[in-house]
Structures are given as C-alpha cells and as structure tokens.
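For the sequence shown, this note's numbering begins at 177 and goes up steadily by one. Ideal Cβ positions, reconstructed from N, Cα and C, are used throughout, including at glycine. In this text the structure is predicted, and so the values were computed from the model without any measurement. To start, the structure under review is shown below, and the notes come after it.
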Amino acid sequence: MRLPLLALLFAPALSGCTNAQATPPADPLTAAEWRLQDMNARGLVDASAVTLRFDADGRASGRGGCNRWSGAWRREGVGDGLTLSELGSTRNACAAAVTHQENVFLSALQETTGYRIAAGGVLLLTTRDGRQLTFAPVTD
C-alpha cells in the first residue's frame, strides 16, 4: 500500500519536469553580423569591409565598403524567401573601385529574393536574376 501512495505523491513532481518550455533556437539571420566574402564569384576589392546585419525588428544595416547603409527586410512566403527594401546610404567620397563595388552590392541587396544558410554557417543571398552574395558571420 505504501508504494502506490508514494507513486501518487511523486507523480505531480515528475510530470512538472516534462512540461518545461524549451528555449527556441536563435534565428540564424539575426544572430550574427555578416561580412561579405564574395559577390557572384568575382571576389571583392581588397580591404573593403562590406557588412550586413538583420535586426529582429525588420531593420537591416551595415557597411558597403565606404558608406553606411540601412533599410528594411522581411521573409517572404514559406521557406527561404527574403526581401530587402527602402535601402539608403550615406554619400562619402571613396575610391572609384570601392564605389563601384558598393553600388553593385546595394543593387544586389535590393534585388534579393532568397537566402540559405550553407555548410559552415555561411549565408548565401540570391537575387532574382541568379546573382549570389556569400557572407560569413563576423567572429570578433
């Protein structure tokens, strides 16, 4: 008789352990600042730091190599759809090659339609015409 009584006493305590809420995994897009590694398999101008950060509130920002930029982002549809819009940047004077690269980068961001987190935690953004931007997480 004691065994069933003990089981009844401990059952509520044990069941409480199984209802613990698991912490949801961090969103990989917003969990890091991203540094551009490659644009459409063409490389980058040396020493240009091109970055991207997705904030949980739908804002995106970063550096284009010379200027700071910002805009809005949102997921589209189900799966890997992603758009960036309302992009604007500062207007500092820079070397011609860096300015050209920055313009190509901002244009590609504006035309982004999807993303994928690839092996090694690399972020791949794809534009509607198939161009690809490759980013690695910043690990300061």
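So what does DSSP say about residue i, is it helix, strand or coil?
i: Thr275; result: helix
i: Ser224; result: coil
i: Arg304; result: coil
i: Val314; result: coil
i: Gly290; result: strand
i: Leu205; result: coil
Ends of the beta strand (DSSP E) at residue i?
i: Ala236; result: 235-239
i: Gly247; result: 244-252
i: Gly257; result: 257-265
i: Asp214; result: 209-215
For residue i, is the classification buried or exposed, using 16 other Cβ atoms within 10 angstroms of its Cβ as the cut-off for buried?
i: Glu252; result: exposed
i: Val226; result: buried
i: Gly306; result: exposed
i: Arg304; result: exposed
i: Arg211; result: buried
i: Thr266; result: exposed
i: Gly241; result: buried
i: Val314; result: exposed
i: Arg208; result: The question names Arg, yet the displayed sequence has Ala at residue 208. Classification of Ala208: buried, given that the 10 Å Cβ count is 16 or more.
i: Arg239; result: buried
Nearest-angstrom Cα distance between residue i and residue j?
i: Leu300; j: Gln197; result: 32 Å
i: Gly219; j: Thr199; result: 38 Å
i: Ala232; j: Asp214; result: 25 Å
i: Phe311; j: Ala236; result: 14 Å
i: Leu282; j: Ser224; result: 14 Å
i: Arg250; j: Val298; result: 19 Å
i: Leu182; j: Pro201; result: Per-residue confidence for Leu182 stands at a pLDDT of 49, beneath the threshold of 50, marking its modelled position as unreliable; no derived number is given.
i: Asp316; j: Asp203; result: 19 Å
i: Ala217; j: Leu309; result: 8 Å
Considering only heavy atoms of the ligand GTP, does any lie closer than 7 Å to the CB of residue i?
i: Gln277; result: The ligand GTP is not among the ligands present in this structure, which contains no ligands whatsoever.
Say whether the region 288-300 touches the region 268-279, bearing in mind that this needs 3 or more beta-carbon pairs closer than 8 Å, one atom from each stretch. no
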